[in-house]
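Those letters in the sequence shown? Residues 2 to 124, by this note's numbering.
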Amino acid sequence: MSEVVGGVDDVLVELLGHEEILGALAVSVEGLVIGCAGIEGSDAELAGALGAALVGATERTIRRLGAGTASTVSIATSDGMIHVRSGGDFALIVFSEPTDGSAVGQVCQGAISRIGELFQPVA
């Protein structure tokens, strides 16, 4: 297992190094902001609530329909995209320019793995 250096904010700041990513935050399943990069105060709280609601509604719907598990919800807006990825106990929300969702998805998966490692108990 690789060593995770830094905290959640550090992982999110690294995401901003990708030209198409405008902002990112990690939220608990309750919508509490765990970490943030590129998004200010009350906007982060609002985005956190949105992300938690989307993950919860998606998981309930998928479970009810018996369609497996959901890992990603992407929403296209007139000026960009919102990508919400479930990390189990948390969700990663990424705001990007209009782009191919698979490219952002690969970057997000690495961030989810690193954030997940931060929450693992030290043995």
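We treat Cβ as the ideally placed atom computed from N, Cα and C, and that holds for glycine.
- Kindly list the residues whose CB is nearer than 8 Å to the CB of residue 16, restricted to its own chain and excluding five residues on each side of it in sequence; keep chain order. In the sequence shown, residue 16 corresponds to position 15, counting from 1. Excluding residues within five positions, the ones whose Cβ falls inside 8 Å are 22, 25, 38, 95, 108, 109, 112.
- Message: To the nearest angstrom, how far is the alpha carbon of residue 10 from that of residue 31?
- Response: Reading the sequence shown from its first residue, position 9 is the one you call residue 10. Reading the sequence shown from its first residue, position 30 is the one you call residue 31. The straight-line gap from Cα to Cα measures roughly 19 Å.
- Message: On the criterion of 16 or more Cβ atoms from any shown chain inside 10 Å, does residue 91 qualify as buried, or is it exposed?
- Response: Stepping through the sequence shown from its first residue, residue 91 is reached at position 90. Counting Cβ neighbours within 10 Å, residue 91 comes out buried, since at least 16 surround it.
- Task: Answer with buried or exposed for residue 65, where buried requires no fewer than 16 other C-beta atoms within 10 angstroms of its C-beta.
- Result: Taking the sequence shown and counting its residues from 1, one reaches residue 65 at position 64. Looking at its Cβ environment, which holds fewer than 16 other Cβ atoms inside 10 Å, residue 65 is exposed.
- Considering only residues of the same chain and omitting the five flanking positions on each side of residue 86, which have a CB-CB separation below 7 Å? Along the sequence shown, read from residue 1 onward, the residue named residue 86 stands at position 85. Contacts found: 72, 73, 92, 93, 109, 113.
- When burial is assigned at 16 or more other CB atoms within 10 Å of the CB, is residue 43 buried or exposed? Indexing the sequence shown from 1 puts residue 43 at position 42. It counts as exposed.
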